[in-house]
Amino acid sequence: MRAVRLLAVLAAVLTTALIVLGAAVRATNSGLSCPDWPTCYGHWLPLPGDIPPDSGYAYYQVMLEWVHRLLAGVVIGPLVLVLAVMAWRQRGEAPELAGGAGALVALLLVQAGLGGITVLDRNSPSSVALHLAAALLVLTMVLFLSVRTRSTAVQPTTRLAVLAWSAWLVAFLAMVSAATVAKMGASFACSTWPDCDGRWLPDLSDPQVRAHMTHRGLAALAVLATLGLFLGSRKLGGPVRGLASGALVLMLLAAGLGGHGVGSGWPVWTAILHQALAVLTFVHLALASWHASLRPGPATTREPAR
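Residue numbers (this note's numbering): -4 to 301.
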């Protein structure tokens, strides 16, 4: 069990880094710097001389996309497959690991396919959003394996699980909507925050304004849901309370940085840091959700809530 847990933690760290790297790819407009897939300009390792002068991309952009693909396909993909196999072999100690391993493999295959579709579909907003959604689900299942193989946790309750998963779901939707906003160019649909160009109820007939305000609405709901989780977990010992507290702090920082990004024209560093804070928030909420949901079993010894 310890080996599965350590491998799951490593996979979670690398997957988190990959999602942040994906944000850097989007923020620098590097998503189409490799126009083919799985190769890049027909090469497995493109060199500066392989990039056509009229491509419109600098070599660093090509390398960002290439490293993103390398990390996903050569490092994380095989690592997650090994993790799934190891978890499956431990199903006798914890039957839930079998389902988790199967779901993880299925999600990984979907994610790989969506990666290719994203490139072939010219990074359309819908394909990018689906690609990120699949990555977040893979990360969630990896975190499931890390939690299910832990030695201690708090006795779950239905109320706490509902609060945690509600916050997770709204955060998930907010992050997916953010990817859509970025690819639509709707990040600049409003130039002020928290209002939109001086209006609290802007004209939503404009699709960019509608997408932008939808993301803001989901982000606000995510803050409220996370606050509810924090308040609901205050009387608990163990990890849920700490994870809820961390998620709330990170989410508020992400919201504040989002406001700064709107007012400053979204510098690249702001967009990347905003995404990084959002991903870390998501990790906290996913961990809190699993801790609040999983029942005592042979792989985990749980302490009662206090």
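For each residue, glycine too, the CB sits at the ideal point set by N, CA and C.
Is the CB of residue i under 9 Å away from at least one CB in chain B?
i    : result
G254 : Any reference to chain B falls outside this structure, which holds one protein chain only.
Thinking C-alpha only, which one of the options is nearest residue i?
i     : options                   : result
L2    : L109, M81, T135 and M208  : M81
L248  : V218, G97, V263 and G233  : V218
Y55   : G68, S25, T34 and V69     : S25
L226  : A214, L243 and T153       : L243
A6    : L280, L74, T187 and R117  : L74
L99   : P120, L115 and L131       : L131
L66   : A101, V8, Y36 and L102    : V8
W61   : R145, C191 and G17        : G17
S119  : M179, A184 and A19        : M179
N124  : R21, R0 and G97           : Rather than Asn, the amino acid found at residue 124 in this sequence is Ala. Checked all of R21, R0 and G97; the closest Cα to A124 is R21.
M170  : I71, V204 and R211        : R211
G51   : L27, H63 and W39          : L27
Q85   : L213, M58 and R143        : R143
T221  : H269, H126, L245 and H38  : L245
H126  : S141, Q106 and F139       : Q106
T23   : C35, A266 and V133        : A266
S121  : L231, A273 and A206       : A206
L168  : V274, A181 and D192       : V274
Q203  : L213, A214, A215 and S182 : S182
L272  : G253, M58, D116 and H38   : G253
I71   : V57, A96 and L13          : L13
A128  : G97, F139, A166 and L138  : A166
V137  : A96, G223, G111 and D116  : A96
P234  : G111, T34 and S288        : S288
V4    : A79, S200 and M58         : A79
M(-4) : W83, C185, D198 and L164  : W83
Around the Cβ of residue i, are there at least 16 other Cβ atoms within 10 angstroms (buried) or fewer (exposed)?
i     : result
V257  : buried
W32   : exposed
P299  : The predicted model places P299 with a pLDDT of 41, which falls under 50 and marks its position as unreliable, so this point remains unresolved.
T135  : buried
A(-2) : exposed
P41   : buried
V69   : exposed
S259  : exposed
V114  : buried
T153  : exposed
V263  : exposed
V77   : exposed
G108  : exposed
R229  : exposed
P189  : exposed
T11   : buried
T187  : exposed
L155  : buried
L102  : buried
L196  : exposed
S141  : buried
H38   : exposed
H279  : buried
L104  : exposed
R194  : exposed
G87   : exposed
R64   : buried
A148  : Caution is warranted here: a pLDDT of 49 is assigned to A148, below 50, making its placement in the model unreliable, and no coordinate value can be reported.
L224  : buried
State the start and end residues of the unbroken alpha helix (DSSP H) segment that holds residue i.
i    : result
G110 : E91 to L115
V70  : Careful: V70 lies outside any alpha helix (DSSP H) and carries neither H nor E.
V270 : What sits at residue 270 in the sequence shown is Gln, not Val. Here the alpha helix (DSSP H) through Q270 covers V263 to S288.
R154 : T153 to M179
M246 : P234 to S259
G17  : R(-3) to A22
R205 : P202 to G227
F139 : P120 to R143
Starting from residue i, follow its DSSP beta bridges and name the residues at the other end.
i    : result
R194 : C191
H38  : C35
task = Flag this pair as touching only if the region 40 to 49 and the region 85 to 94 have three or more C-beta atom pairs under 8 Å; answer yes or no.
result = Cβ pair count under 8 Å is below three, so no.
message = When you compare the region 230 to 238 with the region 174 to 191, are there three or more beta-carbon pairs, one atom per stretch, that lie closer than 8 Å?
response = Too few Cβ pairs lie closer than 8 Å, so no.
ask   = Touch check for the region 159 to 169 and the region 277 to 288: three-plus C-beta pairs under 8 Å?
value = For the pair of segments examined, the region 159 to 169 was found to touch the region 277 to 288: the number of CB pairs separated by less than 8 Å reaches three.
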